[in-house]
Amino acid sequence: MQIENSNLMIVLSSPSGAGKTTICRELLKFDKKLQMSVSATTRPKRPSEKDGVDYFFYSKKYFDDKLKNGEFLEHALVFDNFYGTPKDFVKKTLKSGYDVVFDIDWQGAKQLSKKVKEELISFFVLPPNKNELLKRLKTRNEDTEKIVNSRMNKAKSEMSHWNEYDYVIINDNLNSCVREILEIIKVERKKRFRQNWLENFIKSLV
Ligand code: 5GP
0 MQIENSNLMI VLSSPSGAGK TTICRELLKF DKKLQMSVSA TTRPKRPSEK
50 DGVDYFFYSK KYFDDKLKNG EFLEHALVFD NFYGTPKDFV KKTLKSGYDV
100 VFDIDWQGAK QLSKKVKEEL ISFFVLPPNK NELLKRLKTR NEDTEKIVNS
150 RMNKAKSEMS HWNEYDYVII NDNLNSCVRE ILEIIKVERK KRFRQNWLEN
200 FIKSLV
């Protein structure tokens, strides 16, 4: 019997420094049905990042052309740079049978929720307390102090969108935070309307 479930689109948003990138990495390690959506951005590449893996690094002109061609599923201006989710990449990944994880901000989450209904689950990840948020922002060495300060100011406004998400998770312990998200995904997959195979299965029983 072929078990076919409809594919999920899983959004993870958080203020910078809440540990979202690490969480995403762990999620993919433990759930082999998950794949990251690789966004496009106009921001400069950080030394540790790889083009086509962490982001597709585009010039502003190239990004604009893609935007005009309707090639993004959603896009937003975040910290003075443009970010967008390439449609094709997501379509292909979903078609290959994966559930796609999106590390995008609240603006992108809002746009996706308008376009996608039943397939979407959204998580907002919070740091455990203010000190931890400050510490995590400061220990990310790749960014200049100016960027860190600007992110700190934005954290407050980003967090004001917490109540637009399905689930709010506090990252006070990486392992338990990842486990919680994995459990929720597992349960969401079990929802009746996501299990396309059920109708045929019932038919085969009677
Ligand atoms: P960073 O430059 O630190 O990697 O990401 C900055 C912010 O941009 C993060 O909050 C991240 O979630 C968000 N972001 C990354 N890719 C996208 C995208 O494709 N769309 C939107 N709307 N936000 C994104």
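In numbering that gives the first Met the number 0, the protein residues as written are 0 to 205. From the three backbone atoms N, C-alpha and C, an ideal C-beta is built for every residue, glycine too. No experiment lies behind these values; they were computed from the predicted model shown.
- Sequence-distant Cβ neighbours of TRP105 in its own chain, meaning closer than 7 Å and more than five residues away, are SER12, GLU157, HIS160 and GLU163.
- Taken through DSSP and simplified to helix, strand or coil, ASP64 comes out as helix.
- C-alpha of LEU7 to C-alpha of ASN152: approximately 32 Å in a straight line.
- CA-to-CA, the gap between ASP102 and SER175 works out to about 19 Å.
- Of the candidates PRO46, ARG24 and PHE29, the residue whose Cα lies closest to the Cα of VAL37 is ARG24.
- Setting aside the 5 residues that flank it on each side, PHE71 is surrounded in the same chain by ALA39, LYS65, GLY83, THR84, PRO85 and LYS86, each with a C-beta closer than 8 Å to its C-beta; the list follows chain order.
- Taking C-beta atoms as the reference points, ILE120 and ILE22 fail to come closer than 9 Å.
- Remark: C-beta atoms of ASP98 and ARG42 do not approach each other more closely than 9 Å.
- Residue side-chain check: GLU157 places its Cβ nearer than 8 Å to a non-hydrogen atom of the ligand 5GP.
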